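Enquirer: Here the sequence shown is numbered in my numbering, starting from 31 and rising by one per residue. Glycine included, every Cβ here is placed at the ideal spot set by N, Cα and C. These numbers were taken from a predicted model, which means no experiment stands behind them. The following block contains the structure, expressed as structure tokens.
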Amino acid sequence: MHLLGEEAREAVRRALQEDLGQGDVTSDGFLPKEASCRAEILAKERGVVCGLPVVQAVFREVSQEGLQPEWACKEGAVVEAGTTVLSVSGPAAQILAAERTALNFLQHLSGVATLTRRFVERIDGTGARLLDTRKTLAGLRSLEKYAVRCGGGGNHRVSLGDHVLVKDNHLSLLKAAYPNSWSKELGLRADRIRRLRPLVRVEVEAQSLEEVAELRSLPLDLLLLDNMSVEELQSAVQIVDGRMRLEASGGVSLENVRAIAQTGVDFISVGALTHSAKAMDFSLRVTIS
Numbered sequence: 031m032h033l034l035g036e037e038a039r040e041a042v043r044r045a046l047q048e049d050l051g052q053g054d055v056t057s058d059g060f061l062p063k064e065a066s067c068r069a070e071i072l073a074k075e076r077g078v079v080c081g082l083p084v085v086q087a088v089f090r091e092v093s094q095e096g097l098q099p100e101w102a103c104k105e106g107a108v109v110e111a112g113t114t115v116l117s118v119s120g121p122a123a124q125i126l127a128a129e130r131t132a133l134n135f136l137q138h139l140s141g142v143a144t145l146t147r148r149f150v151e152r153i154d155g156t157g158a159r160l161l162d163t164r165k166t167l168a169g170l171r172s173l174e175k176y177a178v179r180c181g182g183g184g185n186h187r188v189s190l191g192d193h194v195l196v197k198d199n200h201l202s203l204l205k206a207a208y209p210n211s212w213s214k215e216l217g218l219r220a221d222r223i224r225r226l227r228p229l230v231r232v233e234v235e236a237q238s239l240e241e242v243a244e245l246r247s248l249p250l251d252l253l254l255l256d257n258m259s260v261e262e263l264q265s266a267v268q269i270v271d272g273r274m275r276l277e278a279s280g281g282v283s284l285e286n287v288r289a290i291a292q293t294g295v296d297f298i299s300v301g302a303l304t305h306s307a308k309a310m311d312f313s314l315r316v317t318i319s
């Protein structure tokens with residue numbers, strides 16, 4: 031869990047508060063206080079397991095005795111349907127109190143990791159690297175970006191403060207203020223930021239090949255090629271000719287990602303990794319101990 035940080039621990043606490051803020055009237059009313067059990071979490075489909083440390087944190091948080099789950103597979107492993115990924119023994123009421131929260135985290139994060147792995151496999155051998163975006167669920171960004179890494183992808187910006195990305199709305203405002211010299215002004219500001227904050231990358235979005243040609247000589251680290259066709263991406267790679275790295279974004283799917291990667295771009299960013307990943311199906315099965 032130390033790999034995930036305080037933000038993740040706080041996410042676990044908030045999730046448990048949602049479920050247990052008023053107690054568990056079912057277990058309190060129907061389970062013998064001395065009841066104990068053993069439980070296993072099983073994968074119900076093939077996928078990449080991600081979130082085991084979070085599940086462990088959930089069980090520990092609900093347990094005064096400190097429930098200690100036993101991992102049956104490694105984080106990031108590809109498992110088949112029917113595989114036991116984790117088991118835990120202890121007071122039945124505590125295990126059942128943790129069940130839904132633990133499964134929610136495990137299903138969502140494994141879904142993100144599984145979708146990421148599918149994209150990564152599609153572009154294997156091309157030299158392009160898959161990245162996520164900031165299109166994450168509020169309060170779960172660090173966990174979702176962890177899941178992307180678990181699936182073999184890389185992280186783009188974590189927040190607005192760690193990477194300059196001048197997008198279409200920024201450019202519209204800049205062009206309105208400097209209609210005849212917007213690219214020169216952009217270059218001056220980019221140079222200033224690079225001198226003041228040399229560790230911060232500067233990236234600018236280009237929506238046409240004309241903008242690519244205008245931006246290619248500015249002091250930038252990356253160009254974001256937004257919603258361009260494969261043919262346009264190929265032309266952009268030729269226009270830039272290695273002056274800066276290129277990131278393709280927009281309209282990327284499992285069906286076209288390899289063709290995009292083969293254009294020669296350095297990065298491909300995919301918002302769907304976090305905002306549209308299908309949850310991987312798991313279940314918790316209880317046996318009497």
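Per DSSP, what kind of secondary structure is residue 155 in: helix, strand or coil?
Expert: Coil, per DSSP.
Enquirer: Restricting to Cα atoms, I'd like to know which of 143, 199, 226 and 152 is closest to residue 185.
Expert: It is 143.
Enquirer: Got a sec, what are the start and stop residues for the alpha helix (DSSP H) residue 288 sits in?
Expert: 287-291 is the span of the alpha helix (DSSP H), which, as asked, contains residue 288.
Enquirer: Taking Cβ positions, are residue 178 and residue 162 nearer each other than 8 angstroms?
Expert: Yes.
Enquirer: On a Cα-Cα basis, can you pick out the residue from 217, 304, 42 and 194 that is closest to residue 91?
Expert: Nearest C-alpha to residue 91: 42.
Enquirer: What number of angstroms, rounded off, separates the C-alpha of residue 211 from the C-alpha of residue 218?
Expert: Rounded to whole angstroms, residue 211 to residue 218 spans 11 angstroms at the Cα level.
Enquirer: How many angstroms separate the CA atom of residue 135 from the CA atom of residue 45?
Expert: When rounded, the distance between both Cα atoms is 9 angstroms.
Enquirer: Any idea which residues DSSP pairs residue 77 with across the strands?
Expert: Residue 77 is bridged to 109.
Enquirer: Give me, in chain order, the residues of the same chain whose beta-carbon lies closer than 7 angstroms to that of residue 266; leave out the 5 immediate sequence neighbours on both sides.
Expert: These residues qualify, in order along the chain: 239, 242, 255, 258 and 276.
Enquirer: If we count the other Cβ atoms within 10 Å of its Cβ and call it buried at 16 or more, is residue 56 buried or exposed?
Expert: Residue 56 should be labelled exposed.
Enquirer: Taking only the alpha-carbon atoms, compute the straight-line gap between residue 32 and residue 81 and give it to the nearest angstrom.
Expert: The pLDDT assigned to residue 32 is 45, lower than 50, so where the model puts this residue is not dependable, and the model offers no usable value.
Enquirer: Among the residues of its own chain, which have a CB less than 8 angstroms from the CB of residue 288, if the five just before and after it don't count?
Expert: The residues are 152, 153 and 156.
Enquirer: How close, in whole Å, do the beta carbons of residue 141 and residue 309 come, if the pair is a contact with beta carbons under 8 angstroms?
Expert: About 4 angstroms; that satisfies the 8 angstroms criterion.
Enquirer: Identify whether residue 69 lies in helix, strand or coil by the three-state DSSP scheme.
Expert: In the structure shown, residue 69 sits in a strand (DSSP, three-state: E or B).
Enquirer: Suppose the cutoff is 6 angstroms on Cβ atoms and the five residues either side in sequence are ignored; what does the same chain contact list for residue 297 look like?
Expert: For residue 297, where only same-chain residues beyond five positions count, the Cβ hits under 6 angstroms are 159, 161 and 277.
Enquirer: Using only alpha-carbon positions, find the residue among 202, 64 and 47 that is nearest to residue 128.
Expert: Considering only alpha carbons, the answer is 47.
Enquirer: Check whether the region 109-116 and the region 67-80 are in contact - that is, three or more C-beta pairs closer than 8 angstroms.
Expert: At 8 angstroms Cβ cutoff, the stretches touch.
Enquirer: Roughly how far, in whole angstroms, is the beta-carbon of residue 312 from the beta-carbon of residue 73, given that I think they are within contact range, below 8 angstroms?
Expert: With a Cβ gap of about 6 angstroms, residue 312 and residue 73 count as contacting.
Enquirer: If we count the other Cβ atoms within 10 Å of its Cβ and call it buried at 16 or more, is residue 299 buried or exposed?
Expert: Burial call: buried.
Enquirer: Alpha carbons only, please: which of 125, 36, 40 and 52 is nearest the one belonging to residue 71?
Expert: Looking at the Cα atoms, 125 is the closest of the given residues.
Enquirer: DSSP three-state call for residue 172: helix, strand or coil?
Expert: The answer is helix: DSSP assigns residue 172 an H, G or I state.
Enquirer: Consult DSSP for residue 31 and reduce its assignment to one of helix, strand or coil.
Expert: Low confidence applies to residue 31: its pLDDT is 41, below 50, so where it sits in the model is not reliable enough to give any reading.
Enquirer: Are the beta-carbon atoms belonging to residue 290 and residue 260 less than 8 angstroms from one another?
Expert: In contact: residue 290 and residue 260 (Cβ atoms closer than 8 angstroms).
Enquirer: On a CA-only basis, which of 89, 121, 215 and 84 is nearest residue 63? Give me that one, please.
Expert: It is 121.
Enquirer: Using a 10 Å radius around the Cβ and a threshold of 16 neighbouring Cβ atoms, would you call residue 279 buried or exposed?
Expert: That one is buried.
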